[in-house]
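Since the structure comes first, as structure tokens, the remarks are kept for the end.
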Amino acid sequence: MVSMSVSSLRNNPAPRQRRSLSPPTVGTAATANNKNNNGGGAFSFIVGNTPAEMKSKKHMTIVRKAAMRSFLEHDKKTDKKHSRIQFRNEDSKASRPSTENHDEPLDDSVHEEWIGLNRAENKGYRKQSKASWSTISQRSQEISILETQTSSVHVLEPPPIVVPSRTDDQGRKLPYDRRETPLFVSFGEGIDPFGTMFQSRYKLVSVERMKFLCARFFGTRAMGQYWIPTVLSSPHTFLSTLSVASSHLDAILERDTESIETLSLRQEIMHLIDQNIVHPNKQVDDLNITALIQLIASEVIGREEGALRFHEKGIEAMITQRGGLNDLGVSGYLASTISWILLESAILREDRPRTMYSDYCTSRSTRKYPPIATIPESPIYRPRPQFETLKKSKCCTQESLALLNDVQTMMELFLCPTKAYRRDSRNLLSLYKDITTKYRPISELRGPNDRTKNDFKYEAIRIAAVLQATAIMRRVPLSKALSHAAATVSKQLSSLYTFPATSQSNDFPASPTSPTNIRHESMTNLTTSPSYAASLISSQPPSSYFDASRSSVSSVVTSHPSISSSISHPSFSSISTSHSSISSITASRPSIYPVNSRPHQSVVAPSPFDYNPFYQFTSTPTPDEPTALLIDLKVVLESSNMSECWQDMAGVLLWIALTVGAASHENESKVLKKWYSALSMRASVLLCFEHPEAVHATMLKMGQVVEALSEADASEGEAPEKKRRTAK
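Residue numbers (full-length UniProt numbering): 1 to 728.
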């Protein structure tokens, strides 16, 4: 009977039913009732007559319970289904090695054993489930380890994502490896493939290069928002912007005369302005006035006083014909720019400005600032009772802050004297003694290897403070006080630190490089000095004083020069050219500043028009004391690293530039005069669009100081004449 049943089973196999591997579930009465009440567990019905009744606590509890019950049941079903599938896969894998040949028929005994095993397995599933799961997990771990070992043996290294075109040139090094790339070259500087920029008629003018330098010298976010759209509207406004950058470049390259690019741009701008003056609708429009005021700014940098006076009269006539400063456009920035530029021009000439510009700045020079606002504070601009910004600045030391407070107190006492003249005189004398004797030079405070950029900032503030205090005490203009201040400063200098004659070589010009390779940073040795960006890691405030996109040029010099970090606003530098008299003077004269405050090599090559083959045979005279003081202060400022215009101390730097720029008015060195005027113009432009009220107030206060010193000198000159007449 058994054999017959087996044979019949073999001939007529019945369809095999799918057996469940999960343990049988036992339902409870409560579960059954819930399923019946909820419609099989799918829905829960609630009844209400109003929306408020539907949202009652009782109904919400029923809904939550039904939702949670449905979630839990669905989760259990998913877990059971997943475990069933996984167990079936593992079971099939485990049974494969036992069947060596699937095509051979099985014996009757094998079928009987297989059926019995299935029945036994179905009965004892609960007892063996834990053991089977542990066996399956161990087996899966062993399989994964074997697969990992096999893949690690046979897998090769992946190919590069980009295969280089070639690594050598027929056995030789590539041109990039054979020649050294110049330092700080910008790939996008000279590229204008679609000709979108207005071009100059003169082929010697590189518009792309000047535009690049203009953005690096003067560009800010506020300038791009308020000023640049007007500048890009016409050729003469665009080219006049480049003329400011060209004049600035001449100043920092220490050129005695203006370059061909500057002269060409200026000539073309004047020609375009004259063409527009012929047309009645264009002669006094915003674009023509914008082009003229930027031309005046370039002449302020170049100290071209003859052309400057002529163009100042011309723009005054244009403004009068237009109806006044208040009728100009560009959201008021055109009138603001005209006013402070002409005030600055008068300050640098120690002249009195036009009333029209002073009145406009006076009406727009006050603003209420919260205590946490960052503003360009200085001795000539302190709208709050204390220097709140300078107190928080990491660039301002305690000595610098105390010195600035004394300078501000002395200046206010001089401009606004009280009725007690003798008491004011005693106070002024006490402040003058403190400024000239209490605050010592850095040669006495720090060693040559211990000085930081903040120390050089302090030294620059100290020299400017001595100059202004001397002018106030002697009641003379700043230009006349320069010689007295130079004598005072020279007494404090120590001959301990001197420049060796070989610290800087000007015998031959540097190799020609791109004009954009300008690095206006620290005067320290390029191979040892840390970059300004690196120095700001520990000293920079959390938020930059200007926009965040402005960073510094890295000064790391490697064996193979490459493009360094992102180029940003370059500051002034003592860039030695082949003809520069200032560089040759400073290379041989003694000074208090150490050797490492001189550049080790020139990064900027001179213009090809500046090369003088007989320079090594020329000799320069020893400068007098006023010129020596201007040179020393220039070295100090360059050592302080002005790539960011001192950031939150930009107002202090502007005060120094205006004070020394006015003092250098009658100096014989035009190179130094242009250098300080370029510094003042750059600091003003960087601040004027973000802080117009502060720039207005700064120019007004500095103009008051210059005017008061001139009037005091005039009254002192008239007093001896009256005495002589009375004696007769």
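Cβ coordinates follow ideal geometry from the N, Cα and C atoms, glycine included.
This structure is a prediction, so every number in the text was calculated from the model and none was measured.
Between the Cα of residue i and those of the options, spot the shortest distance and give me the residue it belongs to.
i           : options                               : result
Leu-265     : His-665, Arg-451 and Leu-292          : Leu-292
Gly-306     : Asn-281, Leu-174 and Arg-349          : Arg-349
residue 736 : Lys-313, Val-284 and Leu-343          : Only positions 1 to 728 of the chain appear in the structure, and residue 736 is not among them; the question remains open.
Glu-299     : Gly-323, Asn-281, Leu-249 and Gly-324 : Leu-249
Leu-390     : Lys-313, Tyr-458, Ser-479 and Val-706 : Tyr-458
Met-223     : Val-330, Thr-452 and Met-702          : Val-330
Ala-209     : Ser-56, Ser-44, Thr-262 and Ala-657   : Strictly speaking, residue 209 in this sequence is Arg, with Ala absent from that position. The residue with the shortest Cα to Cα distance from Arg-209 is Thr-262.
Ile-380     : Gly-48, Ala-402 and Gly-651           : Gly-651
Thr-61      : His-74, Glu-73 and Phe-45             : Phe-45
Ser-234     : Ala-245, Ile-269, Thr-257 and Ser-669 : Ile-269
Met-356     : Pro-385, Lys-368 and Glu-316          : Glu-316
Arg-255     : Lys-673, Glu-53, Arg-367 and Ser-490  : Lys-673
Ile-289     : Ile-260, Glu-304, Thr-257 and Leu-325 : Leu-325
Tyr-439     : Val-466, Thr-418 and Lys-634          : Val-466
Val-635     : Met-318, Cys-688, Ala-460 and Met-702 : Ala-460
Ile-277     : Leu-232, Gln-294, His-236 and Lys-392 : His-236
Buried or exposed: where does residue i fall if 16 or more other Cβ atoms within 10 Å of its Cβ makes it buried?
i           : result
Thr-50      : exposed
Pro-370     : exposed
residue 731 : Absent from the model: residue 731. The displayed extent of the chain is 1 to 728, so no value can be given.
Ala-714     : exposed
Phe-572     : Only weak support is given to the placement of Phe-572: the predicted model assigns it a pLDDT of 42, under 50, and the value that follows is read from those uncertain coordinates. Answer is buried; the Cβ neighbour count reaches 16.
Asn-641     : buried
Leu-343     : buried
Val-671     : buried
Arg-426     : exposed
Gln-468     : buried
Cys-416     : exposed
Thr-337     : buried
Phe-238     : buried
Gly-661     : buried
Asp-74      : The sequence as given places His at residue 74; Asp does not occur at that position. Exposed, since its Cβ has fewer than 16 Cβ neighbours within 10 Å.
In the structure shown, what three-state DSSP assignment does residue i receive?
i       : result
Tyr-381 : strand
Arg-69  : helix
Arg-266 : helix
Arg-255 : coil
Arg-446 : coil
Arg-426 : helix
Arg-172 : strand
Met-54  : helix
Asp-103 : For Asp-103, the pLDDT reaches just 44, beneath the cut-off of 50, and the residue's location in the model is therefore unreliable, leaving the point undetermined.
Ser-363 : helix
Thr-337 : helix
Gln-199 : coil
Ser-44  : coil
Pro-229 : helix
His-59  : helix
Asn-49  : coil
Asp-713 : helix
His-569 : Because the pLDDT at His-569 is just 44, under 50, the model does not fix this residue reliably, and the value given afterwards should be weighed accordingly. DSSP places His-569 in coil when its eight states are reduced to three.
Thr-241 : helix
Trp-646 : coil
Ala-373 : coil
Using a Cβ-Cβ cutoff of less than 6 Å, which residues in the same chain neighbour residue i once the five nearest sequence positions on both sides are dropped?
i       : result
Leu-709 : Ala-471 and Pro-477
Pro-486 : Note that residue 486 is Ala in the sequence shown, not Pro. Glu-625, Pro-626 and Leu-629, listed in sequence order.
Gln-492 : Pro-441
Glu-666 : Ser-479
Glu-690 : Ala-222
Phe-218 : Val-685
Quick check: residue i and residue j, are their CB atoms within less than 9 Å of each other?
i       : j       : result
Val-207 : Met-197 : yes
Leu-630 : Ser-664 : yes
Ile-442 : Asp-434 : no
Ser-345 : His-696 : no
Tyr-226 : Tyr-333 : yes
Thr-374 : Asp-648 : yes
Ala-657 : Leu-686 : no
Ala-251 : Trp-675 : yes
Give me, in chain order, the residues of the same chain whose beta-carbon lies closer than 8 Å to that of residue i; leave out the 5 immediate sequence neighbours on both sides.
i           : result
Met-473     : Leu-428, Leu-429 and Tyr-432
residue 732 : Because the chain spans 1 through 728 in this model, residue 732 falls outside it and cannot be assessed.
Ser-490     : Glu-625, Ala-628 and Leu-629
Residues in the same chain with beta-carbon distance under 7 Å from residue i, minus the five sequence neighbours each way, listed in chain order, please.
i       : result
Leu-308 : Ile-296, Glu-299, Val-300 and Ser-345
Val-47  : none
Ser-483 : Glu-625 and Pro-626
Cβ of residue i within 8 Å of any heavy atom in the ligand MG?
i       : result
Val-636 : By its list of ligands, the structure shown contains no ligand whatsoever, and the ligand MG lies outside what it can speak to.
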